[in-house]
Amino acid sequence: MRIPADVRQAVRRCVRWLRRHYPLPAPYRVRVITLPRHDCLAGVGRNGGAGWACFYLNTRTMPPHCARIYLPLRWTVSGATGLPAEKIIPQLCDFICHEWVHALQWSTGRPLTERRVNARAMAMSRSFRGAA
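When you read off a place in the sequence shown, starting at 1, and then add 329, the result is the number in our numbering.
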């Protein structure tokens with residue numbers, strides 16, 4: 330299964346916009362990666378709930394100051410979800426913005442919590458969609 334070109338381009342535009350408008354302080358870096366054969370990321374995080382994206386940090390196996398945002402590949406393909414691309418793209422941007430807020434928490438030494446993350450992420454996503 331491959332990511333459709335329009336979805337891939339939209340994800341790249343969103344990440345580039347986030348890097349420009351909400352940059353992480355040097356030397357912090359975040360990569361957005363799709364996971365093949367995943368419908369969701371169940372069991373990820375402290376509460377173990379299902380998720381549509383995941384902020385991942387492993388200080389034992391990854392270089393310092395590097396983190397990842399994972400997206401289940403299956404969720405990025407409209408045929409797999411039954412949603413058209415015009416509905417998938419805004420939701421993917423919402424998911425990426427949510428995880429980007431966690432990246433900002435991490436890069437500034439704040440605890441990774443869900444407190445006010447959704448509100449900030451939705452504001453970021455609305456700004457991106459207004460600028461795109």
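Note that beta-carbon positions come from the ideal geometry of N, C-alpha and C, so glycine has one too.
V336: which of T363, L347 and W429 sits nearest, CA to CA? T363
What does a CB cutoff of less than 8 Å around D423 pick up in its chain, not counting 5 residues either side in sequence? Residues A450, M451 and S454 of the same chain have their beta carbon placed closer than 8 Å to that of D423, with the five preceding and five following residues left out of the count.
Out of P352, W435, H427 and V340, which one is the CA nearest neighbour of N447? H427
Assigned secondary structure, I332 (DSSP; H/G/I helix, E/B strand, else coil): coil
By the 10 Å Cβ neighbour count, where 16 or more other Cβ atoms means buried, how is P413 classified, buried or exposed? Burial call: exposed.
Start-to-end residues for the beta strand (DSSP E) that takes in R360: R358 to L364
Pick from A334, P392, Y385 and R439 that is closest to I425, judged by C-alpha positions: Y385
Please classify A339: is it buried, with 16 or more other beta-carbons within 10 angstroms of its beta-carbon, or exposed? buried
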